[in-house]
Amino acid sequence: MIYRLLSPLLFRLNAEKAHHLAMQTIGAMPQGSPAGADPMLSIRMAGIDFPNPVGLAAGFDKDGLVAHKMHHFGYGFAELGTLTPLPQSGNPKPRLFRLAEDRAVINRMGFNNGGQADAARRIAAMPRAGRVIGINIGANKDAADRIADYVTGIQAMAPLADYLTVNISSPNTPGLRALQGRGPLDELLGAVMAARGEQGPPIFLKVAPDLEPADIDDIAASVTEHKIDALIVSNTTISRPALQSRYAGETGGLSGAPLHDLALQRLRDFRAALGTSVPLIGVGGIANAEQAYERIRAGASLVQIYSAMVYEGPWLAARINKGLKELLMRDGFTNISQAVGVDAPRG
Ligand SMILES: Cc1cc2nc3c(=O)[nH]c(=O)nc-3n(C[C@H](O)[C@H](O)[C@H](O)COP(=O)(O)O)c2cc1C
């Protein structure tokens, strides 16, 4: 209701200003305490207890300004970042576009962020009780050695994170996605897991949706070999399905409704390649409980959302959770974990 009143104002501002205003509004909310785990929706994955399976995807709160307040809207977890070792300003503006007719977003932000040291100070001071906070790390655009940047990120952020996400799938840092190739990925994951060591938090890998079958097999083999704790499928797409908006031709990663089918298919592909050996997190175009449930039934233990929140408001997370409970009850499940992968073909 409040969002319905506010959204005409937000949509009159340019997309990046609207985002700043949303962040300020959330930042002004009281800390509060999370409601606690819901018996039907709570799920344990990669050794972490998630109070519910609906998370805030990376990129909304890159610098860790509001992650600890997202429980107000029903989020079971929030992923900060992408954070790079050094601060960087990202690409020139405009670099964020709302494709309202398509319920989509195109962004070419380019990892704008205040750097890991600055975020670390804030995250260390955040209230954490009942909150699951992941930290997504990347490489600086002009890093001489990108793998070294990921190692730096693991070392800097591990003590503060419930989980760490290695993001090699942003289309907005030239050459970054090349790290998804078998040779570079093996080198990267070997270095990252060594830096994490025995004691560190679980490591998740976030992949692009723009992958060929051979890429999927290579990534699945590498993830298995290096014992990655979970796979996040997926980031934004550089493909352009038919779009209505005048911003359709903008360069960058496309997210929201037009990404839905592609991201769901990639999740199915990774489930087929990995079976139940590596847990999956489904992201991309999820805008309601039915779509979240479909992703879970296809094999995702958790889901994340970003673009739909731009159109539906922040309480979308709470609505998805409510709808998920109804769908679970309809199908005779007593906990969400029973629904994970029920629609996946048995390998
Ligand atoms: C404006 C914007 C910025 C983003 N920044 C990041 C980022 O820094 N790191 C990352 O891993 N994903 C980033 N993403 C991708 C999202 O986390 C998510 O994977 C993608 O948008 C698909 O989900 P959605 O369709 O629900 O938005 C960004 C997405 C948007 C729209």
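Position 188 of the sequence shown, counted from 1, bears residue number 188 in UniProt numbering, the numbering being contiguous throughout. Where a beta carbon is used, it is the ideal one built from N, C-alpha and C, also for glycine. This structure is a prediction, so every number in the text was calculated from the model and none was measured.
On the three-state DSSP scale, how would you describe residue i?
i      : result
Ala78  : strand
Gln88  : strand
Met157 : helix
Leu316 : helix
Phe73  : helix
Ser301 : strand
Ile123 : helix
Ser255 : strand
Thr25  : helix
Asn321 : helix
Ala104 : strand
Arg146 : helix
Val278 : coil
Leu83  : strand
Ile43  : strand
Arg246 : coil
Thr173 : coil
Return the first residue and the last residue of the beta strand (DSSP E) that residue i is part of.
i      : result
Met309 : From DSSP, Met309 is part of no beta strand (DSSP E) but of the alpha helix (DSSP H) over Ser307 to Glu312.
Lys62  : Looking at the DSSP string, Lys62 is not in any beta strand (DSSP E), and its letter there is neither H nor E.
Ile48  : Ile48 to Phe50
Leu205 : Ile203 to Val207
Leu164 : Tyr163 to Asn167
Ala230 : Ala230 to Val233
Ile137 : Ile133 to Ile137
Cα separation between residue i and residue j?
i      : j      : result
Met70  : Phe60  : 11 Å
Asp217 : Tyr3   : 43 Å
Gly284 : Gly253 : 11 Å
Leu327 : Phe333 : 9 Å
Phe50  : Glu198 : 22 Å
Pro159 : Pro279 : 23 Å
Val192 : Ala156 : 12 Å
Leu5   : Ala257 : 23 Å
Leu86  : Gly114 : 7 Å
Gly200 : Ala273 : 27 Å
Gln244 : Lys93  : 22 Å
Ala178 : Leu211 : 11 Å
Ala194 : Thr224 : 15 Å
Ser286 : Gly36  : One point to set straight first is that residue 286 is Ile, not Ser, in the sequence displayed. Spanning the two alpha carbons is a distance of roughly 24 Å.
How is the alpha helix (DSSP H) around residue i delimited, first residue to last?
i      : result
Leu185 : Arg182 to Arg196
Arg271 : His260 to Leu274
Leu56  : Unbroken run through Leu56 is the beta strand (DSSP E), Val54 to Leu56; no alpha helix (DSSP H).
Pro213 : Pro213 to Glu225
Tell me, to the nearest whole angstrom, how far the beta carbon of residue i is from that of residue j; I am working on the premise that it is less than 8 Å.
i           : j      : result
Ser255      : Pro53  : Contact flag wrong, Cβ pair sits at about 19 Å.
Asn140      : Leu83  : Asn140 to Leu83, Cβ: 10 Å. No contact.
residue 353 : Val340 : The displayed coordinates of the chain run from 1 to 347. Any statement about residue 353 would go beyond what the structure contains.
Tyr163      : Phe111 : Not a contact, Cβ separation roughly 19 Å.
Ile336      : Met40  : 7 Å
Ser222      : Leu185 : 5 Å
Ala67       : Ala58  : So it is not a contact: roughly 10 Å between Cβ atoms.
Report task. Report yes or no: do the stretch 99-107 and the stretch 118-133 share at least 3 C-beta pairs separated by less than 8 Å? Result -> no
**Report entry** Touching by the beta-carbon criterion (3+ pairs, under 8 Å), the stretch 230-239 and the stretch 159-171
**Finding:** yes
Requested in this report: Kindly confirm or deny that the stretch 119-127 and the stretch 261-276 touch, where touching means at least three C-beta pairs closer than 8 Å.
Outcome: no
Query - At least three beta-carbon pairs within less than 8 Å, the stretch 309-320 to the stretch 73-82 - result: yes
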